[in-house]
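If you read the sequence shown in our numbering, its first letter stands for residue 2, the second for the next number, and so on. The structure appears below as C-alpha cells.
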Amino acid sequence: MAQFDVTLAGEITMDLLLYGLPEELPVERELVADHMALTLGGSSAITAHNLAVLGSRTGFIPQLGADPFTKVCVDTLRQAGVDLSHAVMPKTNVSTGVTVLLQHQRSRRALTYSGTTSSLRYEDLDLTYLASGRHFHLSSFFLQSGLRNDVPKLLAAMRHAGLTTSLDTNDDPEDLWAGPLAETPAHLDILMPNEREACRLANESSFEDAVGKLAEKIPLLVVKRGAKGALAVHQGIHYEAPGYTTKVVDVIGAGDSFNAGFLHAFVHQCSIDDCLAFGNACGAYSTTSSGGVQAFCDSARMQQFFESCGVAEKIVL
Numbered sequence: 002m003a004q005f006d007v008t009l010a011g012e013i014t015m016d017l018l019l020y021g022l023p024e025e026l027p028v029e030r031e032l033v034a035d036h037m038a039l040t041l042g043g044s045s046a047i048t049a050h051n052l053a054v055l056g057s058r059t060g061f062i063p064q065l066g067a068d069p070f071t072k073v074c075v076d077t078l079r080q081a082g083v084d085l086s087h088a089v090m091p092k093t094n095v096s097t098g099v100t101v102l103l104q105h106q107r108s109r110r111a112l113t114y115s116g117t118t119s120s121l122r123y124e125d126l127d128l129t130y131l132a133s134g135r136h137f138h139l140s141s142f143f144l145q146s147g148l149r150n151d152v153p154k155l156l157a158a159m160r161h162a163g164l165t166t167s168l169d170t171n172d173d174p175e176d177l178w179a180g181p182l183a184e185t186p187a188h189l190d191i192l193m194p195n196e197r198e199a200c201r202l203a204n205e206s207s208f209e210d211a212v213g214k215l216a217e218k219i220p221l222l223v224v225k226r227g228a229k230g231a232l233a234v235h236q237g238i239h240y241e242a243p244g245y246t247t248k249v250v251d252v253i254g255a256g257d258s259f260n261a262g263f264l265h266a267f268v269h270q271c272s273i274d275d276c277l278a279f280g281n282a283c284g285a286y287s288t289t290s291s292g293g294v295q296a297f298c299d300s301a302r303m304q305q306f307f308e309s310c311g312v313a314e315k316i317v318l
C-alpha cells in the first residue's frame with residue numbers, strides 16, 4: 002500500500018490580504034483598508050493543506066525559509082495533517098515568499114516576493130519519498146523558476162514509479178509562457194488550468210479551440226471556469242459541472258481548492274462527474290472565508306456546505 006494518496010513539491014508563502022481599498026491607488030497617499038487577513042498562501046501549500054483536511058494522506062516537500070513566516074506556514078500545514086518530514090532546510094539569505102493582495106470592489110492586485118518559491122531545485126527533492134504516493138501534483142510551474150526546467154524529468158520519474166501526475170501551471174507573471182512546456186504533456190495524466198491559462202498554453206484566442214488543442218495532448222484536461230463551474234475532456238468525451246453560489250469574501254486560492262477537491266475524489270476512484278462536482282464545491286467553499294485555507298479549518302461548516310451542495314455522500318472524508 003502506498004504511504005500517501007498524493008505527494009507534492011512546491012512553495013509555501015504567506016498571503017497578506019487587504020480589503021476595502023479604492024480602485025485607484027494614487028502615490029504618496031495614505032490609503033486605508035477596512036479589513037485584513039494573514040493566511041497560508043502558495044498554490045502548492047493551499048492544495049496540500051486542503052487535500053489533507055479532506056482526508057487524503059498528503060506528503061509535501063517545500064523549500065523552507067529561516068524566518069517567522071515559515072514557522073506559521075509549517076504549523077498550519079502540520080495541524081491539517083500534511084507530512085513535511087522531507088521539507089528542504091533553509092538556504093542562505095532566502096526568506097519565505099509573501100504575496101500582498103489588494104482587494105478592490107471589482108478587481109484585485111497581487112504583489113509577490115517569490116523568496117523560497119524560486120529556490121527549490123530538482124536536486125533538493127527526495128524522489129523516493131515523492132514516489133511513495135499514488136498521485137503526484139505540481140503547481141506554480143512559472144513561479145518555481147529553480148525547478149521549472151526539470152519539471153518534465155520530475156514528472157517522468159513519478160510516472161516511471163507508477164504514480165499518476167497532474168499539473169496546474171498557474172499564471173506566468175512575465176506572460177511569456179515559455180520553458181519546457183512542449184515536453185511536459187508527455188508525462189502528464191491531468192492538466193488543470195483556468196480559462197485564460199488554457200488559451201495561453203494552447204496559444205489560441207478562442208477558448209473552444211484551446212480546449213480542443215490541449216485535449217489532443219493530455220489524457221484528462223480539467224478547466225476551471227470560476228462561477229461557471231468546470232469542464233473536463235477525457236478520451237474525447239466532454240464533461241461539464243455547474244458552479245455553486247456563495248457569499249464571496251474573496252477568491253484567493255479557489256482554484257487550488259478546486260484542485261484539492263478534484264484530486265481527492267480522483268485518487269479515491271470517483272467518476273469524472275463526481276470529481277468535477279466535488280472540485281467545484283471545494284472551490285466555492287474556499288471563497289466563503291479569507292484566503293485559500295481559512296474556510297477548511299472549520300470542519301463542521303465544511304461538511305454542512307458539502308451537504309448543501311449535494312456532494313457530501315459522494316466522497317468519503
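Quick reminder that beta carbons are idealized off the backbone N, C-alpha and C, glycines included.
Which of helix, strand or coil does DSSP assign to residue i?
i      : result
Pro69  : helix
Thr247 : coil
Lys214 : helix
His50  : helix
Thr93  : coil
His87  : coil
Gly56  : coil
Glu241 : strand
His188 : helix
Leu78  : helix
Arg135 : strand
Leu144 : coil
Met193 : coil
Leu26  : coil
Gly227 : helix
Gln106 : coil
Leu177 : coil
Leu202 : helix
Of all the options the options, which has the alpha carbon lying nearest to the alpha carbon of residue i?
i      : options                           : result
His105 : Pro153, Glu196, Ala53 and Leu32   : Leu32
Gly256 : Ser272, Gly292, His235 and Asn204 : Gly292
Leu221 : Arg160, Leu189 and Phe208         : Leu189
Ala179 : Val294, Leu202, Ala228 and Thr93  : Leu202
Leu85  : Ser108, Ala46 and Thr100          : Ala46
Asp125 : Ser258, His265 and Ala10          : Ala10
His87  : Gly56, Asn94, Leu264 and Thr8     : Thr8
Gly237 : Leu182, Gly213, Asn260 and Ala228 : Gly213
Met90  : Lys72, Val234, Glu175 and Leu177  : Lys72
Gly227 : Asp210, Val252 and Val234         : Val252
Cys310 : Thr246, Ala301 and Lys225         : Thr246
His265 : Thr77, Val54 and Ala301           : Val54
Lys92  : Arg79, Pro63 and Leu78            : Pro63
Using a Cβ-Cβ cutoff of less than 8 Å, which residues in the same chain neighbour residue i once the five nearest sequence positions on both sides are dropped?
i      : result
Asp274 : Tyr240 and Ala242
Tyr123 : Leu148, Asp151, Lys154 and Leu155
Gln4   : Arg58, Gly60, Ser133 and Gly134
Asp68  : Ser96 and Thr97
Met37  : Leu17, Leu18, Leu19 and Tyr20
Asp210 : Ala203
Hey, quick one: how far does the alpha helix (DSSP H) through residue i stretch, first residue to last?
i      : result
Ala231 : Here Ala231 belongs to no alpha helix (DSSP H); instead the beta strand (DSSP E) covers Ala231 to His235.
His265 : Ala255 to Val268
Asp274 : Ile273 to Ser287
Pro153 : Val152 to His161
Leu128 : Leu128 to Leu131
Leu9   : Segment Phe5 to Gly11 is the beta strand (DSSP E) holding Leu9; no alpha helix (DSSP H) there.
Gln304 : Ser300 to Cys310
Please look up how many angstroms separate the CB atoms of residue i and residue j, rounded, as I've assumed it's under 8 Å.
i      : j      : result
Gln145 : Thr117 : In fact, because the Cβ distance is near 10 Å, the residues do not count as touching under 8 Å.
Thr59  : Leu65  : Not really, about 17 Å apart at Cβ, beyond 8 Å.
Leu112 : Leu18  : At roughly 12 Å, the Cβ-Cβ gap does not stay under 8 Å, so Leu112 and Leu18 are not in contact.
Asn171 : Phe143 : 7 Å
Gly230 : Gly244 : 4 Å
Ala49  : Val28  : So it is not a contact: roughly 38 Å between Cβ atoms.
Val1   : Thr40  : Residue 1 is absent from the model: the chain starts at 2 and stops at 318.
Using a Cβ-Cβ cut-off of 6 Å (strictly less than) and excluding sequence neighbours within five positions of residue i, which residues of its own chain qualify?
i      : result
Pro186 : Lys218 and Ile219
Ala158 : Leu128
Gly1   : With the chain covering only 2 through 318, there is no way to say anything about residue 1.
Tyr130 : His87
Leu139 : Leu168
Which residues in the same chain have their Cβ closer than 7 Å to the Cβ of residue i, if we skip the five residues on either side of it in sequence?
i      : result
Arg110 : Leu103
Ser290 : Val250 and Ala296
Arg160 : Thr166 and His188
Val312 : Ala278, Phe279 and Ala282
Cys215 : The sequence shown places Leu at residue 215, not Cys. So the list reads Leu192, Ala199, Leu202, Ala203 and Leu222, once near-sequence residues are dropped.
Val268 : Asp6, Val7, Ser57, Arg135 and His136
Looking at the unbroken beta strand (DSSP E) that takes in residue i, where does it start and where does it end?
i      : result
Ser167 : Thr165 to Asp169
Arg109 : Arg109 to Tyr114
Met15  : Thr14 to Tyr20
Met37  : His36 to Gly42
Please tell me whether, using a cut-off of 8 Å, the distance from the CB of residue i to the nearest non-hydrogen atom of the ligand FAD is below it.
i     : result
Thr71 : Among the components modelled here there is no ligand, and therefore nothing to report on the ligand FAD.
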